[in-house]
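Everything in the sequence shown is counted per this note's numbering, starting at 14 for the first residue and increasing by one.
From the three backbone atoms N, C-alpha and C, an ideal C-beta is built for every residue, glycine too.
Source: prediction; values computed, not measured.
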Amino acid sequence: MNAVLSRPPALDRPLVDAAFLADPYPAWRALREAGPIHWSEEFFGGAWLLTRHADVEAVLRDGRFSAQRTGGWVNQAAAERGALAGFQQLFARALLFLDAPDHGRLRTLLQPAFRPEALARLRTQIARFADELIDSLDDADEFDFIARLARPLPVRVISAILGIEGADRAEVMAWSDDLAAFIGAPEPSQEQARRAQASLLAMTRYFQAQLAAKRAAPGDDLLSELLKARERGEIRDEAELLAQCAMLLFAGHETTRNLLGNGLFALLSHPQQWARLREDPALVPGAVRELLRYDSPVQYTGRRVTTDLMLHGQRLRRGELVLALIASANRDPARHERPEALDITRADPGALSFGSGVHVCLGAALTRLEAEVVFGRLLARWPGLRLASTEPPWCANPAYRGLAALPLRRA
Ligand code: HEM
Numbered sequence: 014m015n016a017v018l019s020r021p022p023a024l025d026r027p028l029v030d031a032a033f034l035a036d037p038y039p040a041w042r043a044l045r046e047a048g049p050i051h052w053s054e055e056f057f058g059g060a061w062l063l064t065r066h067a068d069v070e071a072v073l074r075d076g077r078f079s080a081q082r083t084g085g086w087v088n089q090a091a092a093e094r095g096a097l098a099g100f101q102q103l104f105a106r107a108l109l110f111l112d113a114p115d116h117g118r119l120r121t122l123l124q125p126a127f128r129p130e131a132l133a134r135l136r137t138q139i140a141r142f143a144d145e146l147i148d149s150l151d152d153a154d155e156f157d158f159i160a161r162l163a164r165p166l167p168v169r170v171i172s173a174i175l176g177i178e179g180a181d182r183a184e185v186m187a188w189s190d191d192l193a194a195f196i197g198a199p200e201p202s203q204e205q206a207r208r209a210q211a212s213l214l215a216m217t218r219y220f221q222a223q224l225a226a227k228r229a230a231p232g233d234d235l236l237s238e239l240l241k242a243r244e245r246g247e248i249r250d251e252a253e254l255l256a257q258c259a260m261l262l263f264a265g266h267e268t269t270r271n272l273l274g275n276g277l278f279a280l281l282s283h284p285q286q287w288a289r290l291r292e293d294p295a296l297v298p299g300a301v302r303e304l305l306r307y308d309s310p311v312q313y314t315g316r317r318v319t320t321d322l323m324l325h326g327q328r329l330r331r332g333e334l335v336l337a338l339i340a341s342a343n344r345d346p347a348r349h350e351r352p353e354a355l356d357i358t359r360a361d362p363g364a365l366s367f368g369s370g371v372h373v374c375l376g377a378a379l380t381r382l383e384a385e386v387v388f389g390r391l392l393a394r395w396p397g398l399r400l401a402s403t404e405p406p407w408c409a410n411p412a413y414r415g416l417a418a419l420p421l422r423r424a
């Protein structure tokens, strides 16, 4: 037998099914225990899956793995080549999908809005949003945490940062959901692709109107800063500007919601941990880091191989897709003691939930701040909070893991 196989046999059964969506961790564990690298036909027509912390981190920091990975999805999802050209041309220009030098140029422009000084100014505003949403529930004994808090709060926050209005309208949120369903699907259907394209174009029109208003009356916000960068030529054209706006709104809508939902569900499913936080709210920031490790809202991310290379005895060829399994890495026993246990007092778990390297999440500090504020306010105001259902429904999205609803009782 060859010491080096050109490709190992593909996984013999699909990973993603209803049980996986409810709890992917047994499957990630089985995959990790079976080996560090697997070939799967289930994702985007074929991809390498990396299961270990060390490899996931290394790949995300290694320039031989490119962040430019959207072409494959789009061509593969389109019935006819080019049917999704509009989507590809626009979304592929978002920071998340770019390599140097474009990546560095745009990241420098976006970063100031997410720095600690800017976030310190936002803290009071986030607390006010959280209190308003909690106040609106005062006469409800039972409510859906996702619909009433986890969904609206991050939208208000990203709207304040960007300086936009109307992003909390149901149709605007639905556009983001369509993008998430497409980007997060292992094999996007024609219908998912079509909806994602229509929603991205609708989002673009929405931002064109917001930008026109901002040009007429600039403010102290990120959109105004981006318009100035466009005038200086640091943003190349309108499409590049719109791609960053769509990406930020999408990130603002989808990910923090899932951190709030997954995190609160994990805490309330472990009442002793909730009780510890009630006794000592100073533990909240550490708890948020642990919740991110324990049930990561982003389960995996992709890279494209730019040059043939060997990894764990396998030949990875130029152009192939690699999925860095963040959620598996976060439960790797080689990196974390008792990885399956939720322990809010864990020393900094050093998880990979925000990625690593040059693409490390731009919104990491923001999203942590939002979760700290929300969990802090809930502990203070409703210490007796508990689950109304121990099996809430999960969204059918293996990449962006989150609850569709989280029914809670106040006491
Ligand atoms: C719980 C919440 C969040 C999680 C788990 C998360 C996770 C991630 C991960 C894993 C990456 C790296 C992806 C890769 O390397 O391929 C990333 C990148 C990014 N995130 Fe987040 N994110 C969250 C919230 C946010 C928020 C609230 C924003 C902005 C409002 C944001 C904006 C971004 C941007 C712009 C990038 C691309 C950075 C770059 O390419 O340089 N994220 N995020």
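Taking buried to mean at least 16 other C-beta atoms within 10 Å of its own C-beta, is residue i buried or exposed?
i: Val301; result: buried
i: Thr358; result: exposed
i: Pro362; result: buried
i: Val69; result: buried
i: Met260; result: buried
i: Pro405; result: buried
i: His325; result: exposed
i: Pro411; result: buried
i: Asn15; result: In this prediction, Asn15 has a pLDDT of 42, which is less than 50 and means its spatial position is unreliable; what the coordinates show is noted afterwards. Label assigned to Asn15: exposed.
i: Ser402; result: exposed
i: Gly397; result: exposed
i: Met216; result: buried
i: Ser282; result: exposed
My guess is that residue i and residue j are in contact by the Cβ rule of under 8 Å, so how many angstroms apart are they, rounded?
i: Leu382; j: Arg77; result: Contact flag wrong, Cβ pair sits at about 34 Å.
i: His116; j: Leu365; result: Actually they do not touch by this definition, with Cβ atoms about 19 Å apart.
i: Leu213; j: Arg228; result: Contact flag wrong, Cβ pair sits at about 22 Å.
i: Ser149; j: Thr319; result: Contact doesn't hold; Cβ gap of about 50 Å is too wide.
i: Gln81; j: Leu111; result: 7 Å
i: Leu296; j: Arg289; result: 6 Å
Looking only at C-alpha atoms, which of the options sits nearest to residue i?
i: Pro37; options: Ala193, Arg344, Arg348, Phe110; result: Arg344
i: Ala222; options: Leu334, Thr83, Trp52, Ile177; result: Ile177
i: Leu166; options: Glu130, Arg141, Ala412, Phe367; result: Arg141
i: Glu253; options: Asp191, Val29, Ala105; result: Ala105
i: Arg45; options: Ser341, Asp75, Arg317; result: Ser341
i: Ile339; options: Cys374, Asp321, Thr320; result: Cys374
i: Ala180; options: Leu111, Ala153, Cys258, Pro201; result: Cys258
i: Val311; options: Ser53, Gly368, Asp75, Asp233; result: Gly368
i: Arg317; options: Gly332, Ala215, His325; result: Gly332
i: Arg390; options: Arg20, Ala47, Ile147, Arg118; result: Ile147
i: Trp395; options: Glu204, Ala80, Leu421; result: Leu421
i: Leu416; options: Arg348, His349, Asn275, Ser282; result: Asn275
i: Ala187; options: Ala163, Glu267, Leu108; result: Glu267
i: Pro298; options: Val386, Pro27, Gln205; result: Val386
i: Pro125; options: Leu236, Ala193, Pro294, Asp151; result: Leu236
i: Leu280; options: Leu304, Phe263, Ala206; result: Leu304
i: Gln101; options: Gly376, Asp234, Phe195; result: Phe195
i: Arg428; options: Gln205, Phe156, Tyr219; result: For residue 428 there is no data in the structure shown, the boundaries of the chain being 14 and 424.
i: Trp52; options: Gln205, Thr83, Arg328, Arg208; result: Arg328
i: Leu28; options: Asp157, Glu200, Val170, Ala71; result: Glu200
i: Phe263; options: Gly376, Leu296, Ile50, Ala384; result: Gly376
Is residue i close to the ligand HEM? I mean its beta-carbon at under 8 Å from any heavy atom of the ligand.
i: Ala60; result: no
i: Ser172; result: no
i: His66; result: no
i: Met216; result: no
i: Thr380; result: yes
i: Gly315; result: yes
i: Ala80; result: yes
i: Val373; result: yes
i: Asn343; result: no
i: Phe367; result: yes
i: Arg208; result: no
i: Ile339; result: yes
i: Gly370; result: yes
i: Ala264; result: yes
i: Thr137; result: no
i: Arg120; result: yes
i: Pro167; result: yes
i: Met260; result: yes
i: Ser309; result: yes
i: Ala279; result: no
i: Leu108; result: yes
i: Ala377; result: yes
i: Leu255; result: no
i: Phe158; result: no
i: Leu416; result: no
i: Leu162; result: no
i: Leu73; result: yes
i: His283; result: no
When every heavy atom of the ligand COA is checked, does at least one fall within less than 8 Å of the C-beta of residue i?
i: Thr268; result: The ligand COA is absent from the structure shown, which contains only the ligand HEM.
Between residue i and chain D, is the shortest Cβ-Cβ distance under 9 Å, so that the two count as touching?
i: Arg207; result: In the displayed structure, chain D is absent; only one protein chain is listed.
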